[in-house]
Every structure is written in C-alpha cells, then in structure tokens.
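These notes are about the structure you will find just below.
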Amino acid sequence: MSSTKLKNKFVRFFFIYLILILFAIFTLFPFYWIFTQSIKNPKDTISYPPKFTFQPTISNYQKVLSKPDFIESFVDSIEVSISSILLTLLIGAPFGYCLARFVYRGKEDMAFFVLSTRFMPAVVVVVPLLRVFKFLNLVDTIAGLSIAHILVNLALVVWLSRVFFDSVPREIEEAATIDGCSTLKVLTRITLPLAAPGLLSVAVLSFVFSWNEFIFSLTLTSIQVRTLPLYIATSFVGSYAVDWGSLSAAGMLAILPTVILLLLVQKHLVKGLTFGALR
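Offset between the sequence shown (1-based) and this note's numbering: plus 679.
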C-alpha cells in the first residue's frame, strides 16, 4: 500500500474518531456535571467560575437518603413503572401478535390508530383523563397513574412486538399446529419464547419511558402518590435559592435503576433490538 493511501486512511480514521470523541464528550458532560455537583459542598456548587478541583463530600447523598419523602417517591416510581409495564405487555403483546399473524378488515387502520396515540402530546389528553379519573376515583393512586402510563407505552409495545412476532418463522407455528397445538399453546409455548429477547427490549424501553414520565405525574397525582421526576422538580427549589447539591444527588440516585437495569440486560437488549434484522 502506497504512502499516500496510508496517509489518507490515517486522516479518515483520525477525523472519524475525533467526531466520535467530541460526540461522547458532548453526550456525557451533563452526567459528569451532575455527578460533580452532587459531591460538592453548598459553597462550591454556586461558585463562579465553576470549580473543577474541590474536596468531595457525600453529605448531599446522606441528606437526600435521610428524607422519607424521597424513599416514598422512589417506591412509588418503581410500583408505577413495573405495574404499567405489566399492563402494557398484557395488552400490547397479544395485540401485536394479532397484527402480525391474522388477516382481517381494518387491521392496518387499527394499527395506525394505535401508532397515532404516540404522536399526540400528553398535555392534549391529560385534562380529559383527569376528569375521567375523578369520576372513577383514580386520581392520586398508583392504579390510576399506571393506567395513564399505558398511553405512553402502548403504541411502542404494539408496533415493536408486531415486528418481533412477524420475525418468528410461520413454519414453526404451522408445524406445531399440525402436531395438535391450539393457537394459545402455539403462542405461549413457541412464539413467546422465540420472541422473548425482543419483548425484553420492549419492556426495558417501556420502563425507561414510564420511569421518566412527568406530565401525567404532575397532573394526576398530588399527595398520596408522587413519582421521582415530580419529587425532584418540586422538593429542592426554594423561593430564594436552589439546593443544587441535593438536587444533583437526587438526580444521580434517580438514574441508578435504569443504569443498573440496562447493564444487567444489555446483551439481551442488543439481541432484542436486532431481532429480525437478518432472516
């Protein structure tokens, strides 16, 4: 290989890695900033210019974890996220299977209608939903907020599960049917296990969206239920000052469940997201 080609290859890789490094810095810097703010003392958090060298402290984490309201909000977020995921999968996965396997009039129109709910901003439906929930006594309850979160995740679950089910070869299901399996047995014993990586990735994405949801939590809850996004947004901002250290510590603690979950299922998540890419 000539020196000119080697030089051109080096320059190309240099610029590619430079762009990737700059993108990584741009993406990760907010997390670095929040973390450093969470281990600063109150004076350092508001210093100008910002201090990049300081004496770290864990007092902000101790302060946040000592608050019963934070623990209660953490538990509320877990309960709402898990229950909403289970409800969404219970409704959306069979719906996606029907869209993938059966032919009937209006199937594509129904699928597009479900997808259109994802286009609609939450603020459009939150007031009608509030009036319905007041009538049903579901305001400020785990059950009501979980049902509201179905609107956030249902379209995602239906459309992605449709793709995953459609990627399972029909011949396997036909062979099981010939052997005497009913449609329900084919779904539970064959199709679901084969599509499990894809459904796991859907569940993880649904958990992230539900964990971070704010508008429904702000409108449909008040005292009995308060998820972490709402708690963080309202508990550290005073009339005259913001407790940046505690706010940053609470933010770091709030992202821990999603980070741990993604680390635990990252192999299955990558497999699920690429499920059906090659057939």
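C-beta atoms are modelled at their ideal positions from N, C-alpha and C, and glycine is treated no differently.
- Here Trp712 is exposed: its Cβ has fewer than 16 other Cβ atoms, across all protein chains shown, within 10 Å.
- Around the beta-carbon of Phe915, 16 or more other beta-carbon atoms lie within 10 Å, marking it buried.
- With respect to the 9 angstroms criterion, Leu768 and Gly823 are not classified as neighbours on the basis of their beta carbons.
- Here Val921 is bridged, per DSSP, to Val916.
- Counting along the chain, no alpha helix (DSSP H) covers Gln734, and no H or E run does either.
- DSSP places Lys746 in the coil class of the three-state scheme, outside both helix and strand.
- Of the candidates Thr856, Pro773, Leu765, Asn816, the residue whose Cα lies closest to the Cα of Ile829 is Leu765.
- Around the beta carbon of Val743, 16 or more other beta carbons sit within 10 angstroms, so the residue counts as buried.
- Per the C-alpha coordinates, the member of Val759, Ser918, Asp858 positioned closest to Ala827 is Val759.
- Membership of Ala874 in any alpha helix (DSSP H) is not indicated, and neither H nor E is assigned to it by DSSP.
- DSSP places Met799 in the coil class of the three-state scheme, outside both helix and strand.
- In the three-state reduction of the DSSP assignment, Cys860 falls in the coil class, being assigned neither a helical nor a strand state.
- Between the alpha carbons of Val818 and Pro848 lies a gap of roughly 44 angstroms.
- Here Ala779 is not near Ser825, since their CB atoms are 9 angstroms or more apart.
- For the pair of segments examined, the stretch 872 to 884 was found to touch the stretch 936 to 944: the number of CB pairs separated by less than 8 angstroms reaches three.
- The stretch 783 to 791 makes no contact with the stretch 895 to 910; the number of CB pairs closer than 8 angstroms stays below 3.
- For the set Lys946, Met931, Val944, the Cα lying nearest the Cα of Phe710 is the one of Met931.
- The C-beta distance from Gly924 to Thr724 rounds to 5 angstroms, short enough to fall under 8 angstroms.
- In this model, Thr715 and Ser752 are separated by some 24 angstroms (Cα to Cα).
- With respect to the 9 angstroms criterion, Phe774 and Val754 are not classified as neighbours on the basis of their beta carbons.
- The C-beta of Glu853 has fewer than 16 other C-beta atoms within 10 Å across all chains shown, which makes the residue exposed.
- Counting along the chain, the unbroken alpha helix (DSSP H) around Val842 starts and ends at 821 to 846.
- Membership of Phe781 in any alpha helix (DSSP H) is not indicated, and neither H nor E is assigned to it by DSSP.
- By the neighbour-count criterion, in which 16 or more other beta carbons inside 10 Å mark a residue as buried, Phe694 falls on the exposed side.
- For Ile737, the closest of Pro728, Cys777, Pro747, Pro721 by C-alpha to C-alpha distance is Pro721.
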